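Encoded as structure tokens, the structure appears first; notes follow it.
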Amino acid sequence: MSDSTCLPFAFPSVRAKKLTAAFDGGRLTSDGGVLLLAQAARRLGIADKLAAVIPDRRDPSRILHPMPEILLARILAIACGYEDADDLDHLRADPAFKLACGRLPETGADLMSQPTVSRMENIPGLRDLIRLGRVLVDVYCASYATPPAAVTLDIDDTCDVVHGHQQLSLFNAHHDERCFLPIHVYDTDASRPVAMILRPGKTPSGREVRGHLRRLVRAIRRHWPTTAITIRGDGHYGRPEAMDWCEDNGVTYVFGLTGTKALAAKVEPTADHIRVVRALGDKEAVRGFAETTHAAKSWRQQRRVAARIEATRLGLDIRYVVTNIATGTPEW
Numbered sequence: 002m003s004d005s006t007c008l009p010f011a012f013p014s015v016r017a018k019k020l021t022a023a024f025d026g027g028r029l030t031s032d033g034g035v036l037l038l039a040q041a042a043r044r045l046g047i048a049d050k051l052a053a054v055i056p057d058r059r060d061p062s063r064i065l066h067p068m069p070e071i072l073l074a075r076i077l078a079i080a081c082g083y084e085d086a087d088d089l090d091h092l093r094a095d096p097a098f099k100l101a102c103g104r105l106p107e108t109g110a111d112l113m114s115q116p117t118v119s120r121m122e123n124i125p126g127l128r129d130l131i132r133l134g135r136v137l138v139d140v141y142c143a144s145y146a147t148p149p150a151a152v153t154l155d156i157d158d159t160c161d162v163v164h165g166h167q168q169l170s171l172f173n174a175h176h177d178e179r180c181f182l183p184i185h186v187y188d189t190d191a192s193r194p195v196a197m198i199l200r201p202g203k204t205p206s207g208r209e210v211r212g213h214l215r216r217l218v219r220a221i222r223r224h225w226p227t228t229a230i231t232i233r234g235d236g237h238y239g240r241p242e243a244m245d246w247c248e249d250n251g252v253t254y255v256f257g258l259t260g261t262k263a264l265a266a267k268v269e270p271t272a273d274h275i276r277v278v279r280a281l282g283d284k285e286a287v288r289g290f291a292e293t294t295h296a297a298k299s300w301r302q303q304r305r306v307a308a309r310i311e312a313t314r315l316g317l318d319i320r321y322v323v324t325n326i327a328t329g330t331p332e333w
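Using the numbering used here, you'd call the opening residue of the sequence shown number 2 and step up by one each time.
Here it is as structure tokens:
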């Protein structure tokens, strides 16, 4: 029986060398998928774009590992599950990683080691980090052939548990873990990542949320000045500073809102009706919706609040959202 060595994916050549795949000995790797990741990274140009905003003060005549190559290797390693820079000490000689970074697997020089990666990661300052975040937004906007008429962006934080006492890590009582609490922003309709912000393991303040939204929206409007932008987030983001900024800058928002006695009193007639309907019909659950206007003491004006009211055998559950959308039903 003949051995088939046909490659199901068309990999590009490396320095005029034909690239084929076989499993019959020699230097093997367990990370062949990194070649596909490298193709995707090159198509996006992500490493080059990120490198362009990181100041490189090294002597050009003595550089062995260009900044784009360092970034590409680090990105690919993380994507393959090697999140620690220490992993580059053995991955630097891996044939697949060398190919992915444009080096020959046997005769090409090894990639950079952990100390080089660590020095690179400590170069960017605060302004550089903001520029790096803007690059991600630029990549997102470039993924559209033409500017969309409107986009809806979901913003939320996620618990990133740490093991140790890294900078910015804090104990978060809600998650009962020592963690970071990075913010993620996604395009709801296209399911595309828009921005990620590494931050301390605490709930963001209103001033911080306003700053993130301001930078995000400005970066998007550099590409799409006429696109309508809607921001959706939970109660962490429904802060007066964030709502004021959105209203002043033509951004639509839908934020979660913590319930209060004042809000409960305003939707009580609808809630009572839903309770009665469920009890009379002996149903497992009955859901309804209501809306009202509300102004907390820290708000500058009355705002529209919609409530989702659900009556079950266990009792009543009410969730609120605050929005500057003036049309549509509360269910919508």
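Quick reminder that beta carbons are idealized off the backbone N, C-alpha and C, glycines included. This one's a predicted model, so the numbers in the text were calculated from it and none came from an experiment.
If I follow the unbroken beta strand (DSSP E) through residue i, where does it start and stop?
| i | result |
| --- | --- |
| alanine 286 | 286-295 |
| alanine 257 | Checking the sequence shown, residue 257 turns out to be glycine, not alanine. From DSSP, the beta strand (DSSP E) with glycine 257 extends over 253-258. |
| leucine 180 | The sequence given here has cysteine at residue 180, not leucine. Looking at the DSSP string, the run of the beta strand (DSSP E) that includes cysteine 180 is 178-181. |
| glycine 82 | Taken as a continuous stretch (DSSP letters only), glycine 82 belongs to no beta strand (DSSP E), as it is neither H nor E. |
| alanine 229 | 229-234 |
Pick helix, strand or coil for residue i, following the three-state DSSP scheme.
| i | result |
| --- | --- |
| alanine 110 | coil |
| valine 152 | strand |
| glutamate 332 | coil |
| methionine 2 | Note that methionine 2 scores a pLDDT of 48, beneath 50, so its modelled location is shaky; the value from the coordinates is reported in the next line. Residue state, collapsed to three classes: coil. |
| threonine 117 | helix |
| isoleucine 221 | helix |
| proline 69 | helix |
| phenylalanine 98 | helix |
| alanine 17 | coil |
| leucine 8 | Summary for leucine 8: the model assigns pLDDT 46, below 50, so the residue's position carries little reliability; its value from the coordinates is reported in the next sentence. Correct three-state label for leucine 8: coil. |
| alanine 327 | coil |
| leucine 169 | coil |
| aspartate 90 | helix |
| glycine 33 | coil |
| proline 61 | helix |
| arginine 193 | strand |
| valine 210 | helix |
What residue range does the alpha helix (DSSP H) around residue i cover?
| i | result |
| --- | --- |
| arginine 200 | Neither: arginine 200 is in no alpha helix (DSSP H) and is coded neither H nor E. |
| histidine 185 | Unbroken run through histidine 185 is the beta strand (DSSP E), 184-188; no alpha helix (DSSP H). |
| isoleucine 310 | Here isoleucine 310 belongs to no alpha helix (DSSP H); instead the beta strand (DSSP E) covers 304-313. |
| tyrosine 141 | 127-143 |
| aspartate 49 | 47-52 |
| aspartate 318 | Element bounds for aspartate 318: not the alpha helix (DSSP H) but the beta strand (DSSP E), 316-324. |
| valine 105 | Valine is not the amino acid found at residue 105; the sequence shown has leucine there. Here leucine 105 belongs to no alpha helix (DSSP H), and DSSP marks it neither H nor E. |
| arginine 276 | 269-282 |
| tryptophan 246 | 241-249 |
Does the Cβ of residue i have 16 or more other Cβ atoms within 10 Å, making it buried, or fewer, making it exposed?
| i | result |
| --- | --- |
| phenylalanine 98 | buried |
| glutamate 292 | buried |
| histidine 213 | buried |
| histidine 237 | buried |
| leucine 45 | exposed |
| leucine 37 | exposed |
| glycine 260 | exposed |
| alanine 86 | buried |
| proline 9 | Note on proline 9: pLDDT 49, under 50, position unreliable in the model; the coordinate value appears next. Exposed, since its Cβ has fewer than 16 Cβ neighbours within 10 Å. |
| proline 13 | exposed |
| aspartate 129 | exposed |
| proline 205 | buried |
| histidine 66 | buried |
| alanine 196 | buried |
| proline 331 | buried |
Using a threshold of 8 Å, state whether the C-beta atoms of residue i and residue j are closer than that.
| i | j | result |
| --- | --- | --- |
| arginine 28 | proline 106 | yes |
| valine 15 | leucine 100 | yes |
| isoleucine 76 | alanine 48 | yes |
| alanine 243 | glycine 207 | yes |
| alanine 307 | threonine 324 | yes |
| isoleucine 93 | serine 119 | Before going further, note that residue 93 is arginine rather than isoleucine in the sequence given. Not in contact: arginine 93 and serine 119 (Cβ atoms no closer than 8 Å). |
| phenylalanine 181 | glycine 165 | no |
| proline 125 | leucine 137 | no |
What is the C-beta distance between residue i and residue j, in whole angstroms, given that I count them as a contact (C-beta under 8 Å)?
| i | j | result |
| --- | --- | --- |
| arginine 305 | alanine 296 | The Cβ separation is near 11 Å, so there is no contact. |
| threonine 231 | tyrosine 254 | 7 Å |
| valine 218 | arginine 240 | With a Cβ gap of about 16 Å, valine 218 and arginine 240 do not count as contacting. |
| alanine 249 | arginine 301 | The question names alanine, yet the displayed sequence has aspartate at residue 249. 10 Å between Cβ atoms; not a contact. |
| aspartate 190 | threonine 153 | 6 Å |
| leucine 171 | proline 183 | Rounded, the Cβ-Cβ distance is 13 Å, inconsistent with contact. |
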